[in-house]
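Participant: Structure in structure tokens, see below.
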Amino acid sequence: MSSPVSVSAKRHSAAGAAPAAASAVPVSVAPEVSVSDTEDRTRDRVLNAVLEHGPVSAAELGELLGFTPAAVRRHLDHLERAGVIEVKRVAKAGAGAGRPARRYVLSSQGQSKIGDDYLNIAGTALRRLQELAGNDAVRDFAVERFADMEQRYAPGIEAAGSDITARAMALSKALSRDGYVSSAASIESKAPLPASLSSVQLCQGHCPIQHLAADFPEFCDAETEVFSRLLGVDVRRLSTLARGGHVCTTHIPTGRPAMKENTVSPDGPAASREESNNQQGRP
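Quick note on the working numbering: the sequence shown kicks off at 1 and runs consecutively.
Here's what the structure looks like:
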């Protein structure tokens, strides 16, 4: 930023100069603020708003920050070109097969820009836990971490009824509310293929613990098991962001019988259930 400056009125040294001119005094001027400084601060506000409210649309950001649509899109375009935010296309609830809406979230580079020390600390702590107590301790920690998700999501998914597709759509909406940028597409099997091949593809475009899950796949496994219990059917994870996938994709069969025990306790996973054979994808 430019340093404060002061401007002095010109003095006339000629003998015939007017007295008013001779008595002029220095005049202080407010510090100059460059356009680039103002732009940087504004973009930082936009970046922090994406962090706090993402996935968020350009229109929603404009309302939050009091910017015109043209202004907010200009800053979003700049941040996207810089690689600190990225666009996730999210299907609007109840919008049918219409064009997915554009939502902005922080990219991995953006998270690093704002600061991800907590992830480094968490990774260090988990590696230490693994050294002291073994892999089972890390898995137990991951299971506890997703127990809250299971407890919170269970009422809404149970309200969707017994239809697996309806439950999968309810799960997708719950994930999106938590910032996972989720969408779900129903894939109906048609003759001559058997109806048992029908499925729902559940996609998550954002993962808040992506870097941790890359080192500790127990987190992805625990999340997949929660999905299986919530939906009442064995599911299969086809790809994950943590393993380099563009999105996390879960295959949910809808043409098969539900698991025999489909009871989600409000206190978390039940102690005894039929074993699930879901697999964590390794793209």
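Beta carbons are placed, not taken as given, at the ideal position from N, Cα and C, and that holds for glycine.
(1) Which residues in the same chain as Glu213 place their Cβ atom closer than 6 Å to its Cβ, once the five residues preceding and following it in sequence are excluded?
(2) Just verifying my parser: in three-state terms, what is the DSSP assignment at Pro208?
(3) When you compare only the Cα positions, how much space is there between Ala168 and Ile252?
(4) My output table needs one value for Ser186: the three-state DSSP class, helix, strand or coil.
(5) Would you kindly report the start and end of the unbroken beta strand (DSSP E) that includes Leu76?
(6) Write down the C-beta distance between Lys88 and His206 rounded to the nearest angstrom, noting that I regard them as a contact closer than 8 Å.
(7) Please find out if some non-hydrogen atom of the ligand COA comes closer than 7 Å to the beta-carbon of Thr42.
(8) Give me the DSSP bridge partner(s) of Tyr104.
(9) According to DSSP, is Thr250 helix, strand or coil?
(10) Roughly how many whole angstroms lie between the Cα atoms of Glu158 and Thr254?
(11) Should Thr250 be labelled buried (16 or more other beta-carbon atoms within 10 Å of its own) or exposed?
(12) By alpha-carbon positions, which one of Gln151, Leu129, Met149 and Arg152 ends up nearest to Phe141?
(13) With the cut-off set at 8 Å, would you say Gly83 and Ser107 are in Cβ contact?
(14) How should Asp163 be labelled, buried or exposed, when 16 other C-beta atoms within 10 angstroms of its C-beta is the threshold for buried?
(15) If you draw a straight line from the C-alpha of Ile85 to the C-alpha of Ala137, how long is it?
(16) Starting from Ser239 and walking both ways along the alpha helix (DSSP H), at which residues does that stretch end?
(17) Please work out which residues of its chain come closer than 7 Å, Cβ to Cβ, to Ala122, disregarding the five sequence neighbours upstream and downstream, and give them in chain order.
(18) What number of angstroms, rounded off, separates the C-alpha of Glu52 from the C-alpha of Leu193?
Facilitator: Working from what's here:
(1) Stepping through the sequence shown from its first residue, residue 213 is reached at position 213. Note that residue 213 is Ala in the sequence shown, not Glu. Closer than 6 Å at Cβ, skipping near neighbours: Phe219, Cys220 and Ala242.
(2) As a first step, residue 208 must be located in the sequence shown, where it is residue number 208. Coil at Pro208, not helix or strand.
(3) Counting from one through the sequence shown, the residue named residue 168 turns up at place 168. Counting from one through the sequence shown, the residue named residue 252 turns up at place 252. About 8 Å.
(4) Indexing the sequence shown from 1 puts residue 186 at position 186. In the structure shown, the three-state DSSP call for Ser186 is strand.
(5) Position 76 of the sequence shown, counted from the first residue, corresponds to residue 76. Under the DSSP assignment, Leu76 falls outside any beta strand (DSSP E), being part of the alpha helix (DSSP H) whose first and last residues are Pro69 to Arg81.
(6) Mapped onto the sequence shown, residue 88 falls at position 88. Mapped onto the sequence shown, residue 206 falls at position 206. Going by Cβ atoms, the distance from Lys88 to His206 rounds to 6 Å, so yes, they are a contact pair.
(7) The ligand content of the structure shown is nil, which means the ligand COA is not present either.
(8) Against the sequence shown, residue 104 aligns to sequence position 104. Beta-bridge pairing links Tyr104 to Val56 and Val87.
(9) Your numbering for residue 250 matches position 250 in the sequence shown. Of the three classes helix, strand and coil, the one that applies to Thr250 here is strand, per DSSP.
(10) In the sequence shown, residue 158 corresponds to position 158, counting from 1. In the sequence shown, residue 254 corresponds to position 254, counting from 1. Each residue's Cα considered, the two are about 16 Å apart.
(11) Translated into the one-based positions of the sequence shown, residue 250 becomes position 250. Thr250 comes out buried.
(12) The residue you call residue 141 lines up with position 141 of the sequence shown. The candidate whose alpha carbon is nearest that of Phe141 is Leu129.
(13) Within the sequence shown, numbered from 1, the residue matching residue 83 stands at position 83. Within the sequence shown, numbered from 1, the residue matching residue 107 stands at position 107. In this structure, Ser107 lies closer than 8 Å to Gly83 by Cβ.
(14) Within the sequence shown, residue 163 is the residue found at index 163, counting from 1. Exposed: under 16 other Cβ atoms inside 10 Å.
(15) Looking up residue 85 in the sequence shown gives position 85. Looking up residue 137 in the sequence shown gives position 137. Roughly 35 Å separates the two Cα atoms.
(16) Sequence index remark: in the sequence shown, residue 239 carries index 239 (1-based). Element bounds for Ser239: not the alpha helix (DSSP H) but the beta strand (DSSP E), Arg236 to Ser239.
(17) Against the sequence shown, residue 122 aligns to sequence position 122. So the list reads Leu212, once near-sequence residues are dropped.
(18) Numbered from 1 along the sequence shown, position 52 holds the residue referred to as residue 52. Numbered from 1 along the sequence shown, position 193 holds the residue referred to as residue 193. The alpha-carbon atoms of Glu52 and Leu193 are separated by roughly 45 Å.
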